[in-house]
Each structure stands twice: as structure tokens, then as C-alpha cells.
Amino acid sequence: MNTFIISAAVVLLLVIFFLLMRVGSLLSILKGSYSKRVGSSNSINAAMFPIFFVVGLALIFWYSGKASEFYLPKSASEHGIITDNLFWLITAIIMIAFIFTNTMLFYFPYKYQFNENRKAFFYPDNHKLEIIWTIIPAIVLTVLVIFGYKTWTDITAPAPKDAIVLEITGKQFNWIVRYPGKDGKLGTYNYKLIDATNEVGIDFSDKSSFDDFLPREIHIPKGRPVQFKIRARDVLHSVFLPHFRQKMDAVPGMPTTFWFTPIYTTDEMKSITGKSDFKYELACTEVCGKGHFGMKFLLVVDEPEDFEKWYGTQEAFLKKNPDYLANVPLEIKSLAIK
Ligand SMILES: [Cu+2]
């Protein structure tokens, strides 16, 4: 409602302003001064440029501040801090360039507004200026590219040996997460084995699969590297963990991966954000079909001892679905954990 009244007021003011200008030019016709080459609108239009710029810029800063409550809280992963630093550095450089060039853009029409006593100055080019505005951005961009490349290689470096590895499969329309059991090794998979229950095609002829489990929530311990092995069953999906500043596409037929180290538990994040119902979430950022909106998976960062407790209570897929051993060769079957 308030917004409506303010918008209506702005429109009305503009209409009044336009009518006043119109009356002004009609008056000048009556007074016979219309033959002059410059009307009163020349200086008004010129003055509007810097006014628009200053007011617009003030609104941008005001709104950015006001909307800050919707910004993501500080990064919950070590990698995210590096990404954030790079993001804010680039934002600062862009802001400086934006304010500098736009100050010129809006000030010059005011300064060089039409003046009957001034003749336009022919100024076709200036090599020195062109060299300056080519070299400075080239240096800045090179520094940013190098910094960005370093950040990228840091983030995508191979996961440490002690990382917890889990598999995330995207499908229309949900995520399926698989953990290795006590052996710490994910079993192999084969898309030909996919059916309504074995949704990710776990291959039970590999004994590492016997203790794999598929939980309804992701749990990871604070302070330990976690590696996600990502794949997709049908179309492109994208694993997005905004609070950890992580995003990686899930591509059919092309496994991808990323790893990170969480630094705040879910409970710690509750007090950081001041929201008692705070939850980390895994979302899909690839518009993958009509059920895309529903691809939300909860993620909990536990204290290491709580994680161990949770991990210990998870039941292997095979234990719930023992039938899957039926087609497995006898010598492997005999290895199955009861
Ligand atoms: Cu998706």
C-alpha cells in the first residue's frame, strides 16, 4: 500500500513538472521570446543529469543496506571465506570503476550543456588517454584472473586423504545421498542396476557396497573435510550449498566432485544468524524440470562426537533390502554382513 502511494506521488510530481514546463514554453511564445535558440528546458535538463545520478546512487546504497538482512550469513566453510574475499574484492573494484565512469557520464552533460556563446571543440582522439584506459583495466583484470585462478585451484584441489566421502545423485526430482558404511569405501554402481528401490544402481557384486546406506538427511562433522561425489540420473542438476559457498553441476554420465571443510555446526549457525529454526540446505540450481522447486535436501553439521553417534545408527541399504543379494555370486554373497 505504502509503495503504491509513493509510486503514485512520484508519477503525479512528474506530471506536474511536465505541465509546468509546458506552461513555461507557452508563456515564452506569448512573450515573443520563443525565437531564442535555447529554451528554459536546456538548463533544467542539464541539471537533471547530476541530480538523477546522486539520487539514484543514494537509493542504490540505501537499498543495499536495507536488503542486507536477506544476504547469506558468513561462510560456514573454509573455502567459502576465500570465495567471499574474492567476491568482495571484485565488487569493490567494480564499484570504484562504476562510480568514477558514471560521475563523468552524468556530470559532462551538465557541464557541457548547450551554450550559444560556445562552439563545439573538435577532438577526434587522444592516444595517451586511450593507452591509459586500456592498460589500467588490463592490469586490473590480469590481477583478478590470477587471483581467481588461484582461488579456483585451491577450491578444486584433490580432497585430503582423511575426507569423508559421500555420493550425491540428482534425479527428477530429488537428491539421493549414499554414504559408505564402516569400511569407509563407497561400493561401485551401474546404471543398468537402477530400479524403483535401488535408485542409484548400487552394484552388490562389490563387497564395499554391503554396508552403504542412504540417509534422509546429510550429516557431516564440523572441522573435517567432506568430499561430495556428484552424478545425475537423467538431466543436468546442480548441487548448491549456499551457506558453504559451494556449487557444482550434476551431469549425467560425467561424475563431478568438490570438497570443503565445515567450520560451524548447525547449532552454532543458529546463534550466528539469530534464527532458532536455521537449517543448512542443499538445493538444485539447475532449472531441471517442473519439480525443480522441490529439490531441497537438509544438511546438518554436527559436533564430531554427535556425527559418530548418528553414523553408528544408520542401517545399511542391504539390511533393509536383503533381496538384492539374490543375483550376486555365492563367493561374494558369503562376505555380506548380517
Ligand atoms: Cu534439479
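All the letters of the sequence shown, read from the start, carry residue numbers 2 to 339 under our numbering.
Heads up, the beta-carbon is just placed ideally off N, CA and C, and yes, glycines get one too.
Cβ separation of residue i and residue j, assumed to be a contact under 8 Å, to the nearest whole Å
i: Q173; j: G254; result: About 16 Å separates the two Cβ atoms, so there is no contact after all.
i: D213; j: A317; result: 6 Å
i: F1; j: P222; result: One cannot answer for residue 1 here, as it falls past the ends of the chain, which runs 2 to 339.
i: F205; j: L300; result: With a Cβ gap of about 27 Å, F205 and L300 do not count as contacting.
Assigned exposure category for residue i - 16 Cβ within 10 Å defines buried
i: I95; result: exposed
i: W176; result: buried
i: S8; result: exposed
i: G182; result: buried
i: M165; result: This sequence places Ile at residue 165; Met is not what is there. Result: buried.
i: T1; result: Absent from the structure is residue 1, since the part of the chain shown begins at 2 and ends at 339.
i: H128; result: exposed
i: I17; result: exposed
i: E218; result: exposed
i: E287; result: buried
Near ligand 1: residue i beta-carbon under 7 Å from a heavy atom
i: H238; result: yes
i: M383; result: What the structure shows of the chain is the stretch from 2 to 339, and residue 383 is not part of that stretch, so it cannot be assessed.
i: E287; result: yes
i: G171; result: yes
i: H293; result: yes
Close-in-space but distant-in-sequence residues of the same chain around residue i (CB under 8 Å, 5 per side omitted)
i: S277; result: K271
i: P256; result: K230, I231, R232
Given residue i as reference, the closest of the options once Cα atoms are compared
i: V227; options: M296, T189, A93, H80; result: H80
i: P161; options: T170, Y190, G224; result: G224
i: P110; options: P51, L90, I137, I136; result: P51
i: P243; options: F123, E282, V146; result: E282
i: F54; options: F261, N103, G188; result: N103
i: I203; options: S65, T170, I136, I221; result: T170
i: A47; options: F115, G57, F71, L58; result: F115
Residues of its chain near residue i, where Cβ-Cβ distance is below 7 Å and the 5 sequence neighbours each way are ignored
i: D85; result: S76, R246
i: P159; result: none
Contacts around residue i, its chain only, beta-carbon distance under 6 Å, and the 5 residues preceding and following it disregarded
i: V11; result: none
i: E200; result: I177
i: Y180; result: L167, F214
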